[in-house]
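Protein chains in written order, with my numbering: chain H, 315 to 1112; chain Y, 6 to 295; chain L, -18 to 141. Glycine included, every Cβ here is placed at the ideal spot set by N, Cα and C. Since we're looking at a predicted model, the values are computed, not measured.
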Amino acid sequence: MSEHLYIGKSIPRTIETEKVTGKAVYIDDLKRPGMLYGKILYSDFAHAKIINVDTSAAERLPGVRAVLTGRDIPDVRVGFFKDQTVLKKDKVRQYRDEVAAVAAISPDIAEEAVSLIKVEYEELPAVFDPYEAMAEAAPLIHETDARGKPVRSNVLPIPWRFQSGDIDQGKENSAYVVKDSVSTTWVNQCCMGTSGCIAEFDSNNNLTLYNQTNVIFGDKGRITEYFAQIGLKNKKIRVVNPVVGGSFGTKLDTDIYEFICIQLALKTRRPVKILFTREEEFMALPPRQPALFDIEQGCDKQGRLTFRKASALLDNGAYTSWGVTTPSVMMMPMSSLYRVPNVSFKATCVYTNNIYCQAMRGYGNPQASFAVETSMDTLANEAGIDPAEFRSINRNVEGEETPMRLKITTCGLKECIDSVKERLNWDDKKKAPKKGRGVGMASLIHVAGGARVYKSDGHGIAVKVDEDGYIDVIESGTDQGQGSPTVISQMVAEAIGFRPEDVSITFGDTRLCLWDAGTHASRHTFMAGNAAILACEKAKKQILEMAAEKMPLMIKKGFKKQKKKDPGFAEPQLDYALISNPENLDIRDRVIFCKSDPENEHFRMEVSRILRAGLHVGTGQSKVITADAFYDPPTEMLDRELKGNLSCTYAFGTTGVEVEVDEETGEISILKLVAAHDVGKAINPTLLLGQVYGAVYTGVGYGLTEELKLENGRVVNNNFRDYKILTAKDVIPIEPVIIEPEDKDGPFGAKGVGEPGLVPTAPAIANAVYDAIGVRMRDLPITPEKVLAAIKEKKNVC
Amino acid sequence: MIDYDYIRPGSVKEAIGLLRQYGSKAAVIAGGTDVMVNIRNRNMAPELLVSIRDLKDLCYIKKDENYHIGSLTTHRMLENSDLVKGELSALNDGASWVGSVQVRNVGTIGGNIVNAAPSADTAGPLLALGASVILEGAEGVRKIPISEFFTGPSRTAKRDDEILLEFEIPGEMENFGSAYWKHSRRKAMNLPLVGVSVALKLGASDVIEDAGIALTVAAPTPVRAGMAEDFMKGKPLSEEVLSEAGRIAASPDCCSPRDSLRCDAWYREEMIAVLVPRVARLAADRIKNR
Amino acid sequence: MKKLVISFTLNGDPVTAEVPATWSLLRTLREYFELTGAKEGCGVGECGACTVMVDGDAVNSCLYPVFEIEGKSVTTIEGLASQDGSLDPLQRSFLENNGVQCGFCTSGMIMSAKSLLKENSDPTEDEIRTAIAGNICRCTGYVQIVEAIENAAAMSREKE
C-alpha cells in the first residue's frame, strides 16, 4: 500500500480531551480513601553531624499519625552508588538532606508538625567547589562507601575514560589547534506538575505506588530491592502512573521522597501522599548536572578535524543519582558529533556539599555540545574557514561508524546545515554584517532508536481487539505529555487498518504492561511504534485468518437471504478461493478487502462483522483477537572501553540563530532561530513541532536566563519569580525545518525527537554572539552582566 | 498554623475604626497579591485581615486641575486607561508591567505603594510625576509628598490606623511627557533589576524646563535623582546632556545600588547611566507624538 | 480556625460553601467543590496554573481569599463546555492545534485566554501573549498555544 492513511497526518489530540475540560487526574488530584499527607523536614546545614532529633512536640500535635527519623527506619542505602539512606541518621551532607518525615490528616497539620521537630546539629566544614573538594585537605563528604570501606577522597571511582585513535598523532597532523574552557551550571527541569506520589499497602503488605515515574519497571525493581532489605521480601509491587504533569528527566530514578512515602504508609497502614510545593521542587529536586569542560581540537589545512581531546569536571553534589552517569552520554557528542578520527574524553565526578543532580532533557548532551560547538567555532575562526562551511566539511555521513562505534544509518545533517544557512541568509549576513548583529550555528547528534543503557532495551505492547472493532492497547511507557497517545494510536491504526479513534491506550501500569526500559532517551515513539507494528501484524494475521474462514460462508449466506426475498436475484459467480487465503486479504479503514481484487464490492466486509462472527460461534470454537510483542532493538551495550552501537539510529540536527546584542546593556535579542531536525519521519507533524518548540524554549532558557543560584549550598532562587524560565512574552521567532530521510529501522521511518530540539540551542546562541560583537561567551547562562563585562574587558585589552 | 479572622468594613471610617481597635494585630488587605504571599511565607502573621477590596469609592481615575487616582484603582484599570496612557504615561508603563494580567486585575496601586518594596513598579513613576499621597486616619486627613512617604525598605510614613485614600498628581501642562523602564531578565513576571522613570517638561527649542527622574532598586527606598534633575533643567535635550544626566543619576550623589540575589550593584549602576538617557528620550518622543 | 459560609455563583449555578476563613478560592474549588481543573503550580501567584475568572476577570485563585468571593461569579475550566458537553472553541482549538502537552498549565491557560476573548474578540499576537504572560508552560514553548488562541478567536468570530 503506497499511501499512508494516518502516518504523516497532524491528527488532533482528541484522545486527551480530559486535559482541556479539567478532568485529567494528576497526582495532585488523586485521593485514596483514608489518605494521609506526608511532609519532609530538610536539613538546616550543608554539612553537619546530627546530634539529636526531638520529635516529641510534633508527635503530640493533634492529627499527626506518624513521625519518622533516621533512627526509626532500617539503615538501607539507596541511590546509584548506594551512598545515601532514606532518612539521614548521623550526618547531613547538603541543605536538602531529608532528616525526618511526618504523616498527618491534612497537609497544614503535617507542615506544622515538621516545624515542631527540633534538630541539634554540629556544623562541619563544608565544600562547595569541585576543585576545592578534590584538594588533599578538603573535608570528606563520605567517609565510607556502600560496603563500609573507608573512602579517602571526594573523587568518585567512576571509569569515565574514553580513548580512540592517537591524540598525539592527531596533534602532529594539525595545522590549527585551539583550546577552550567552558562551564555550565545547575538548571531546574520546571515541570509544571511538581513531584509527588501516593504509597498504599494492602492488608498483605503488597504495595501500590501511584507515581509519575517514567521508568515504571525500573522503579519497581529498585523498590523490590529496597523491600528485600526492610523485611518485605516477596511482597508484590505495583507502580502505576496518574496523568503526568511533565517530566523532562525528573522521573527516571527512584527518589528519596518515594521511599519516605513508602515508609510513612507502612508505619501508618494508610495511603500517604507526598506532594512537593514549588519551593521544594526548586530546592530539593535534583537538577541538571553542571559541568566544567576543557577541550582541545585540531584540524588540517583543509579544515578536516584531526583530533578532539576533552575533559570534564562534574560537581556531583552530596550523593549520586543519574547526574553522575551523564558522561556516558557526553561521550556521544564528544566522539561522534562531526567526524573526528582521534578522540579522548575523561570525566571526573567529585562529591561536594551542593545539591546532587539527576537527568534533564538531553542528559549531558547539552552540556557537552556546548563545549564541542564552542571549540568548533574557535577552530573554524583560527583556520579562517566559515563556521557553517567548517561544520559541513566535517559533517557525519551515512554508513560510517564513529570512534564510539556508533553506526550512522540515516543522517540528514547536511540538509540540516544547508537549510539553516539558507533560512538565515547566512552568506549574506556574513558578507555584510550589521553592527551588533551576528549569526551562529551548532549541531547535534542524539540517540533516536532506543538507547541500550540497561541490558534490556526492550519495550512491550499488548493489543486486544474487541468484537465491535475497537482496539485496546496496553503500553509500557509513560505519557508525559509528548503526545504519545495520539502518535501511538496513529501507528496502531495504520498497522492494523483501523482508525485512530478506535484505539484506547493504557499507559504506565506494571500490573498490566509487559515491560519497558523507560520513557527516556527520546525513545518512546521509536520503541512503542516498532512494538506496535509487530503486535498489530500478529493481531491482523489472526483477524485475516478468521476472515478467510468466515467471509466466504457469510457472503454465500447473504446471497441465500437475498434470493429468498427476491427470487429473481441472480447470485454472482465469485472466486471464493481468492478470499479463503488470509495472505490475500488486508484491512484498510476498518474494512477487510481482497488484495488481488481490491475493487470487488462483494469481497469487502467490515471488520466488526467478522469479529462478531468469530466470537459468537455457538460451537465451542469462538476466538478473541489478542497479540503482544516485545521489541528489543539489535543494538549493543557499551563495552569496557565505553564503545558500542547503543542505539538503532541517531538523530541529527542543526540550530542557527541570528542575534542582536545591545552593547550598552549586554542584552541579547534573538531575531530568528532556525531549528532543523532529521526526524526520519514525522508521524504527526504538529505534535512533532510541539516537541521542537518546547525543547527550543528550554534550550534558550539554558543559554540565556536559567540558573539555580546556590549560596553555600542553599538554593536561594527557589521560586518562579527569581528562577527565570521564559514566559509567553519572551518571543523567540522559531522557524522549524523537518528533514525526513526515512529510517529503515524506525516505525514508518521515524526517529526520536524529544530531546534533540534542546541540545544545540545554547551553543548556537553563543556562537552568534561571537559573530555579533567578537566576544566569546563560555559560561552559561549568557546573562547581560556577563556580556557587558566581556565587552568591557575586550575594550580594555584592545 | 496559619490562622486569622477577617472583616469587611463597609466604609473607610469603619476600616479606620477597626485598625485603631486592633492595632498591630490587624492588617489591611486589598487585592491580596502581596498580603496573601506574605502570610504564606510567614513574613506576616496578622490575627485580623481588614478587607477593603470592595470599597468602590476608592476606585477612580479623575482629572480636574490635578489628577486624582483612588488607592483601590487596580493596575489593570491604570493599564487600560486612555487618560493615564496619554497623560501619565510613566504610570501606565509601571502599572502595565506589574506581574501578570491575573495580578493586575486585583492588585491595587495603593497596595503596591503601601507595600513599599524598593522595586515597586508604580513607585518610580509616582515619584517622577511629583505625586502626593492622601491618607485618612483617626486624627483626620493629611496629604504628604510621596517622596516623604517611603521611609525605608518596605516601610512608609503611614500610621497603623491610616488608610491610603488617593494619589494626587499635579495637573500637567503642555509639553509634558513621561516614561518608565523596568530593566529585567525576561519580558514578563519580574521584579525589576533596576527601574528608571523620567518625566520631562520641554520648553521652546526643546529646552528642558522641568525634569523628574526616579530610580527604584537603587536605594533603600524609591528615590528622586535630584542632582541629575537639576543638571538637566535649563539645558537643551541633547545626547551630551542626557548622557551626563545619566552619569550623575548613577553616581553616589543620587543612588546607592547594592548587590542582591537578583543582580550586582555594578550592573545596576551601569544600567542607570544607560537607561536614564533612553527613558528621557522616550518621554520626549511622547511629547512630540501627542 | 474560623469557618465561614459563603454564597456565590459557580459556573452559572448558585452555590454555598462552608470552609475555613483562611482558605483560598483555589483550595475551596479543589477540595470543597472537587473541581480539580485549576491547579496549584506555585501557590504564590507566579505561574498561573490556578487561573479562574471572577466576574469575567482572570485571577490567580491561589491568592484570592475565599472570604472575598461572596456574591461574585466564578468560572472555572469545568464551566466552559456547554450543558450538552460540546466544547468551547478554546478547548477544541487547544486540542486541534496542540496547545496542550502535559496539560498541567492548560486549565489556567485557557481561562486566561477566555477572559481575553471576552473583552477582545480579535486580539493581536502581542495582546494574546500579554494575556497569558502570567501562565508558565514548560512543554510547548507557547507557540502552539498562541496559535490555538488565535484560531479559537477566529472560530468564535465566524460563528457571529
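DSSP, reduced to helix, strand and coil, places residue 1034 of chain H outside both helices and strands of the structure shown, so it counts as coil. Chain H places a beta carbon closer than 8 Å to that of residue 77 of chain L, counting this residue as a contact. Every unbroken stretch of the beta strand (DSSP E) spanning 3 or more residues and falling wholly within the segment 30 to 57 of chain Y is given here in chain order: 31 to 34, 53 to 56. Using a Cβ-Cβ cut-off of 8 Å, residue 46 of chain L is close to 11, 34, 37, 41, 54, 56 of chain Y, given in chain order. With a beta-carbon spacing of about 19 Å, residue 946 of chain H and residue 994 of chain H fall beyond the 8 Å limit used to define contacts. Nearest Cα to residue 722 of chain H within the set H:875, H:443, H:649: H:649.
Against chain H, the beta carbon of residue 275 of chain Y has neighbours under 7 Å at 1102, listed in chain order. The three-state secondary structure of residue 554 of chain H, taken from DSSP, is strand. Within chain H, 1041, 1043, 1044, 1045 have C-beta atoms less than 8 Å from the C-beta of residue 192 of chain Y, given in sequence order. Secondary-structure assignment with DSSP links residue 741 of chain H through no beta bridge to anything.
For the pair of segments examined, the segment 7 to 24 of chain Y was found to touch the segment 46 to 62 of chain Y: the number of CB pairs separated by less than 8 Å reaches three.
The alpha-carbon of residue 352 of chain H is positioned some 53 Å away from that of residue 283 of chain Y.
When the Cα atoms are used, residue 60 of chain L and residue 88 of chain L turn out to be separated by approximately 11 Å.
H:1093 is the residue among H:940, H:1093, H:1109 whose C-alpha sits nearest the C-alpha of residue 684 of chain H. Residue 644 of chain H sits away from residue 705 of chain H, with the two beta carbons spaced by 8 Å or more. Within 10 angstroms of the beta-carbon of residue 897 of chain H lie fewer than 16 other beta-carbons, which makes it exposed.
Distances from the alpha-carbon of residue 563 of chain H to those of H:1072, H:471, H:711, H:913 put H:1072 closest. Shown here, residue 920 of chain H sits in a strand according to DSSP, grouped into three states. Think of a sphere of 7 Å around the beta carbon of residue -1 of chain L: no beta carbon from chain H falls inside it, the nearest being about 16 Å out. Residue contact with chain L for residue 8 of chain Y: present (Cβ-Cβ distance below 8 Å to some residue of chain L). Here the segment 572 to 581 of chain H makes no contact with the segment 655 to 666 of chain H; the two share fewer than three CB pairs at distances below 8 Å. Sorting Y:29, Y:280, Y:47 by C-alpha distance to the C-alpha of residue 187 of chain Y places Y:280 at the top. When DSSP reads this structure, residue 477 of chain H sits in a beta bridge with H:658.
Proximity of chain L to residue 17 of chain Y at the Cβ level (cut-off 7 Å) is not reached, the minimal Cβ distance being about 18 Å. DSSP, reduced to helix, strand and coil, places residue 990 of chain H within a strand of the structure shown.
Residues of the segment 322 to 334 of chain H with a Cβ closer than 7 Å to any Cβ of chain L, in chain order: 326, 327, 328, 330, 331, 333, 334.
Listed along chain Y are 266, each with a C-beta nearer than 9 Å to that of residue 1030 of chain H. Within the segment 552 to 582 of chain H, the residues whose Cβ lies closer than 9 Å to any Cβ of chain L are, in chain order, 557, 558, 559, 560, 561, 562.
Residue 38 of chain L: member of the beta strand (DSSP E) spanning 38 to 41, first to last residue. Residue pairing of residue -13 of chain L in beta bridges, as defined by DSSP: L:-2. A residue is called buried once 16 or more other Cβ atoms fall within 10 Å of its Cβ, and residue 601 of chain H is buried on that count.
Residue 110 of chain Y has a beta carbon lying within less than 8 Å of a beta carbon in chain L. For residue 45 of chain Y, the closest Cβ of chain L is nearer than 8 Å.
For residue 250 of chain Y, the secondary structure class from DSSP, reduced to helix, strand or coil, is helix.
Comparing C-alpha distances from residue 990 of chain H to each of H:500, H:354, H:759 shows the shortest one belongs to H:759. Around residue 231 of chain Y, no beta-carbon contact reaches into chain L at under 8 Å, the shortest distance being about 35 Å.
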